[in-house]
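As they're listed, the protein sequences go chains W and B. Okay, so the first sequence: first residue is 154 according to the numbering used here, each after it adds one. Okay, so the second sequence: first residue is 598 according to the numbering used here, each after it adds one.
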Amino acid sequence: NAGVTQTPKFQVLKTGQSMTLQCAQDMNHEYMSWYRQDPGMGLRLIHYSVGAGITDQGEVPNGYNVSRSTTEDFPLRLLSAAPSQTSVYFCASSRPSGGGFENIQYFGAGTRLSVL
Amino acid sequence: TQLLEQSPQFLSIQEGENLTVYCNSSSVFSSLQWYRQEPGEGPVLLVTVVTGGEVKKLKRLTFQFGDARKDSSLHITAAQPGDTGLYLCAGAASGGSNYKLTFGKGTLLTVNP
Chain W
154 NAGVTQTPKF QVLKTGQSMT LQCAQDMNHE YMSWYRQDPG MGLRLIHYSV
204 GAGITDQGEV PNGYNVSRST TEDFPLRLLS AAPSQTSVYF CASSRPSGGG
254 FENIQYFGAG TRLSVL
Chain B
598 TQLLEQSPQF LSIQEGENLT VYCNSSSVFS SLQWYRQEPG EGPVLLVTVV
648 TGGEVKKLKR LTFQFGDARK DSSLHITAAQ PGDTGLYLCA GAASGGSNYK
698 LTFGKGTLLT VNP
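If you want it as structure tokens, here you go:
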């Protein structure tokens, strides 16, 4: 059982380049999310999805696009990379538990992105 | 925007010492989670607390949810080097979707042998 798989693990981009961070989960979870983690900032929500075809913005969505065509995949696209997007990006999938009051998030290992 | 304040931000202790990490907010949360993250890895869930005043124990770790569901604490007894890592609290907004979490900035714990 692979869980949440993120690719690539590392990426270096030049300012203005575009790229897609891949995220796939094999747990049939409805909910998927993208976070970025910067030193001293914790995890900040970029975009999330409650199911195939449904996405919404989180706390820091500017400069990023997402789509959810299947339950398994939730790619994150950087349209025109900027140095401010240098960060570690985590994808998570989650399922409700405990009668719906709990929500267990499973994280991938992250993608470390540098924008020069 | 709901904020979660974690303290301390950094903590360096000797093996065998006890410690407490705090997670505070002015907002009410329907549930609060604690995660541990090791270098190069994603966060891993330790526990979820749901009921005000709830206490959960996980071996040497004790988690408490405040009566008003605005704060939580993590207490580690007799810390070991294997406890080293970044501890994150995350809350689900009361009355909102419990899959949408707000994270604190984390407490970086180092336990020295």
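Ideal placement from N, C-alpha and C gives every residue a C-beta, glycine not left out. Given the structure is predicted, the values throughout are model-derived calculations rather than measurements.
Taking 8 angstroms as the CB-CB limit, is residue i close to chain B?
i	result
W/Q175	no
W/N218	no
W/F243	yes
W/G206	no
W/F260	yes
W/G195	yes
W/G169	no
W/S222	no
Would you say residue i reaches chain W, if we count a Cβ-Cβ gap shorter than 8 angstroms as a contact?
i	result
B/Y675	For clarity, residue 675 of chain B is Ala in the given sequence; the question names Tyr instead. Cβ-Cβ to chain W under 8 angstroms: no for B/A675.
B/F660	no
B/G682	no
B/V698	The sequence as given places Leu at residue 698 of chain B; Val does not occur at that position. Answer yes: the Cβ-Cβ gap between B/L698 and chain W drops below 8 angstroms somewhere.
B/L616	no
B/G688	no
B/G663	no
B/L685	yes
What does the alpha-carbon distance come out to for the pair residue i and residue j?
i	j	result
W/T168	B/S609	38 angstroms
W/A234	W/Y259	27 angstroms
W/N218	W/G263	18 angstroms
W/L231	W/S171	5 angstroms
B/N615	B/L658	10 angstroms
W/T239	W/P192	11 angstroms
W/E225	W/A177	5 angstroms
B/T617	B/L671	6 angstroms
W/V161	W/W187	A quick correction: the sequence has Pro, not Val, at residue 161 of chain W. Approximately 15 angstroms between the Cα atoms of the pair.
B/L706	W/Q175	31 angstroms
Can you check which of these residues, the options, is closest to residue i by C-alpha distance?
i	options	result
B/T704	B/P710, B/I673, B/A689	B/I673
B/Y684	B/A690, B/Y696, B/V708	B/V708
W/Q210	W/L174, W/S240, W/I199	W/I199
W/R265	B/K654, B/G637, B/Q603, B/K653	B/G637
W/E212	W/R189, W/L166, W/F163, W/E225	W/R189
W/A205	W/P214, W/G195, W/M194, W/P228	W/P228
B/G639	W/N256, W/Y201, W/S222, W/G156	W/G156
B/Q677	B/K656, B/K654, B/E612, B/T699	B/E612
W/T158	W/I257, W/V203, W/Y242	W/Y242
B/N621	B/L698, B/G688, B/K697	B/G688
Meets three-Cβ-pair contact criterion under 8 angstroms: the segment 656-670 of chain B and the segment 613-627 of chain B: yes
Using 8 angstroms as the threshold, is the segment 642-649 of chain B in touch with the segment 599-608 of chain B, meaning 3 or more CB pairs across them? no
How do the segment 239-247 of chain W and the segment 176-184 of chain W stand: do at least 3 beta-carbon pairs fall below 8 angstroms, yes or no? yes
Quick check on the DSSP output: what are the complete alpha helix (DSSP H) runs of length 4 or more inside the segment 171-196 of chain W, in order along the chain? none
Which ranges would you report for the beta strand (DSSP E) in the segment 643-672 of chain B if only whole runs of at least 3 residues count? 652-655, 658-662
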